[in-house]
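For the sequence shown, the UniProt record's numbering assigns the number 1 to the initial residue and increments by one for each residue that follows. Below you'll find the structure, written out as structure tokens, and then a few comments.
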Amino acid sequence: MLILAHMSLKLDNIKAPIAHEMEEFEQKFRASMKTRVLLLNKIMNYIVKRKGKQMRPMFVFLSAGTCGQISESTYRGASLIELLHTATLVHDDVVDEANYRRGFFSVNALWKNKVAVLVGDFLLARGLLLSVENKDFSLLSIVSDAVREMSEGELLQMEKSRKLNITEDIYYEIIRQKTASLIASCCAVGASSSGAGEEITKLMREFGEKIGMAFQIKDDLFDYGEEEIGKPVGIDIKEKKMTLPLIYALSKAGWVERRKIISIVKNESNKPKKVKEVIEFVKKSGGIQYAEEAMNKYHQDALLLLNKFPESDYKRSLIQLVQFTIDRHN
């Protein structure tokens, strides 16, 4: 098994086997968002300009290379995922009344809700048309399934968080749908677009799902970090989100302490001092260590699935990309 020091994991190095494809993808993706409507074009340019680390397309291309040949279908699959995922983010910002995303103004903050909703609809339609026009029905099926799962996961979390009665099983189901389903679809799309059969595509989907689970647990651990990078410490508690470290800590607490902590999350999560109290309770109860162990288990299980593939530069980079998601600081 490949063990890598965090310092050596730079995205540019990981990207090396697919650097040319990623550049070409960027151009194809921009082209897929072109429109004759001036306002829409302006917004599309803004969205493209503020792109993040591009880990989703990287998962698509590296999975395709690991399973077979990168093809034109791979580019379309990566574009489809980016279009549909960007649509869900634009709509999420409207639902959450969020003015910022990753340090940039959100579309709804700059152009108001009505425009943002229509932009999200446009992106969804572009993704659907891109697939239908090229008869990429298997890719469309994989990605549409992920969008359905993401919506269900979001609604399940809303339903459960009202009562703050989320068990570990429900937590795993929420993050499987909300986060893991998207990374699973990236890996499945990569496999399917490379000419891999149903069995290999399913295996890569499972690999991506395990990585997505580990990714989200890592994200939830940031809430209990020492420094504010990417997302503020304690933000999940402030938003009354029940994540694995807290769920575990509550399961180990006595009735009185449990009631007290739940009451703080429910009624006083806007007070920094009280949020700090919850963070200390979780740390003292071993919630951080428990979540880290769960994350590492998903990580190891994912790597075991990759053992079934022959060695290649693509596979090595895929393993490094997985390590990068576990080691990241934001």
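C-beta: ideal position from N, C-alpha, C; glycine also.
Residue span of the alpha helix (DSSP H) that contains residue i, given as start and end
i      : result
Asp236 : Ile235 to Lys238
Pro272 : Pro272 to Lys284
Met158 : Phe137 to Ser161
Pro57  : Met55 to Cys67
Asn113 : Val107 to Glu133
Asp327 : Asp313 to Asp327
Glu268 : Neither: Glu268 is in no alpha helix (DSSP H) and is coded neither H nor E.
Thr86  : Glu72 to Val95
Asp220 : Glu198 to Leu221
Tyr172 : Glu168 to Ile175
Distance CB(residue i)-CB(residue j) smaller than 9 Å
i           : j      : result
Val143      : Gly77  : yes
Thr74       : Val147 : no
Asp223      : Ile237 : yes
Thr325      : Ala214 : yes
Asp121      : Ala87  : yes
Gly153      : Arg176 : yes
Gln11       : Lys53  : Reading off the sequence shown, one finds Leu at residue 11, where the question assumed Gln. A contact, by the Cβ cut-off of 9 Å.
Phe61       : Phe25  : yes
Leu244      : Tyr171 : yes
Asp145      : Ser181 : yes
Lys178      : Met242 : no
Leu38       : Trp111 : no
Val265      : Lys240 : yes
residue 342 : Ala184 : Since the first residue of the chain shown is 1 and the last is 330, residue 342 is not available in this structure.
Residues sharing a beta bridge with residue i, DSSP
i      : result
Phe104 : Arg101
Distance between beta carbons of residue j and residue i, contact taken as under 8 Å
i      : j      : result
Leu306 : Ile319 : 6 Å
Ser32  : Ser71  : With 8 Å as the limit, Ser32 and Ser71 do not qualify as a contact, their Cβ atoms being about 16 Å apart.
His85  : Arg56  : 7 Å
Val90  : Ala116 : 5 Å
Tyr248 : Gly287 : 5 Å
Ala302 : Lys210 : 4 Å
Ser312 : Thr66  : 6 Å
Phe59  : Leu321 : 7 Å
Glu173 : Leu156 : 7 Å
Starting from the N-terminal side, write out each stretch of the alpha helix (DSSP H) that is 4 residues or longer and does not extend beyond the segment 11-50.
Correct list: 11-15, 19-32 and 38-49.
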